[in-house]
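K.L.:
The sequence shown begins at 0 in numbering that gives the first Met the number 0 and counts up by one. All residues carry an ideal CB built from backbone N, CA and C; glycine is no exception.
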Amino acid sequence: MKKITFRDSIRWNKESFVLFKKTPNQSLMLSLAYLFIFMLLPSMPIVQVFSIASILIWPIFLVFAVNFYKIHDKNKAEKFLAVYEKIKPKLVTLLTLGLICLTYAGLVTMVLNSEMQEFIKLSENNNELVSVINNFVPMIGKLILLLLPLLMATWFSPMLIVYNHYSLFKSIKSSIAGCLMYIAPLGLSWLIFSTTAILFMLSCGLLIGSLASFFPSIGPSLMGAIIFFALLVITSVMFAFQYISYRDIFKSAKSY
Numbered sequence: 000m001k002k003i004t005f006r007d008s009i010r011w012n013k014e015s016f017v018l019f020k021k022t023p024n025q026s027l028m029l030s031l032a033y034l035f036i037f038m039l040l041p042s043m044p045i046v047q048v049f050s051i052a053s054i055l056i057w058p059i060f061l062v063f064a065v066n067f068y069k070i071h072d073k074n075k076a077e078k079f080l081a082v083y084e085k086i087k088p089k090l091v092t093l094l095t096l097g098l099i100c101l102t103y104a105g106l107v108t109m110v111l112n113s114e115m116q117e118f119i120k121l122s123e124n125n126n127e128l129v130s131v132i133n134n135f136v137p138m139i140g141k142l143i144l145l146l147l148p149l150l151m152a153t154w155f156s157p158m159l160i161v162y163n164h165y166s167l168f169k170s171i172k173s174s175i176a177g178c179l180m181y182i183a184p185l186g187l188s189w190l191i192f193s194t195t196a197i198l199f200m201l202s203c204g205l206l207i208g209s210l211a212s213f214f215p216s217i218g219p220s221l222m223g224a225i226i227f228f229a230l231l232v233i234t235s236v237m238f239a240f241q242y243i244s245y246r247d248i249f250k251s252a253k254s255y
């Protein structure tokens with residue numbers, strides 16, 4: 000691991016956006032595939048069983064996504080099959096990591112299930128926004144706290160398994176250690192990233208609101224399209240940020 004400063008955390012965000020701008024069309028397609036596989040398909044009643052499979056294959060997809068930005072950062076060309084050949088020897092380990100994620104997510108759901116059900120009932124039967132928000136904030140706070148260990152355990156571990164050839168538990172331990180050792184710059188980067196994403200979404204909302212006042216008939220459809228586009232951009236930049244933070248914290252000439 001190398002020394003990371005607060006200045007680096009600002010640089011991470013800049014480099015993430017620069018990487019996105021290098022290949023905007025491919026980046027957006029990558030985000031579209033991610034949202035389709037991990038959000039749209041699991042929400043469809045006919046293929047809800049896919050929600051389980053999507054969590055299992057999530058570490059594999061993440062390596063493909065990070066590798067996409069890796070090759071463009073290094074200005075190299077690499078075919079899909081070449082990436083798969085790197086991942087192939089680690090498939091069982093990555094799927095086991097996915098199983099751990101699935102188990103942990105299931106436990107979190109069980110812990111918060113009663114609160115989630117109460118919130119759903121409240122939001123359906125209560126028209127007072129303040130009351131709904133007052134119940135939503137504590138629940139989402141608990142959810143974030145409970146999912147934080149999972150986020151730290153998986154932020155770097157898929158890449159450590161494939162690129163650094165770590166074992167499953169060494170990769171999880173190293174990922175958590177990396178997040179804790181660099182929690183200040185990572186936290187600042189996340190704050191900058193989240194604030195930028197929120198401002199981006201608000202700007203889109205203001206733009207749509209202005210256009211809707213002139214073209215009321217297309218306002219709702221335009222709103223959905225622009226918000227979806229903003230979500231694609233944010234997802235793409237997040238993948239780039241994940242790659243850059245991994246690159247800088249676990250940079251190793253031998254394994255990287």
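Look at the Cβ atom of TYR307, then the Cβ atom of VAL17, and state whether they are nearer than 8 angstroms.
P.N.:
With the chain covering only 0 through 255, there is no way to say anything about residue 307.
K.L.:
Helix, strand or coil: which one does DSSP assign to THR4?
P.N.:
coil
K.L.:
Just to confirm before moving on: does the CB-CB distance between PRO157 and LEU93 stay below 8 angstroms?
P.N.:
yes
K.L.:
Would you mind sorting ALA239 into buried or exposed? The rule is 16 or more other CB atoms within 10 Å of its CB.
P.N.:
buried
K.L.:
Using a threshold of 8 angstroms, state whether the C-beta atoms of PHE168 and PHE249 are closer than that.
P.N.:
No; because the gap between Cβ atoms is not below 8 angstroms, this pair is not in contact.
K.L.:
Identify the continuous alpha helix (DSSP H) that holds GLU84 and give its terminal residues.
P.N.:
Per DSSP, GLU84 belongs to the alpha helix (DSSP H) from 79-86.
K.L.:
Does the separation of the CB atoms of SER235 and PHE19 fall below 8 angstroms?
P.N.:
Going by C-beta atoms, SER235 is nearer than 8 angstroms to PHE19.
K.L.:
Per DSSP, what kind of secondary structure is MET43 in: helix, strand or coil?
P.N.:
coil
K.L.:
Using only CA atoms, which one of ILE171, ALA104, SER53 lies nearest to ALA152?
P.N.:
ILE171
K.L.:
In chain order, what residues of the same chain have a beta carbon less than 6 angstroms from the beta carbon of LEU149, not counting five sequence neighbours either side?
P.N.:
TYR103
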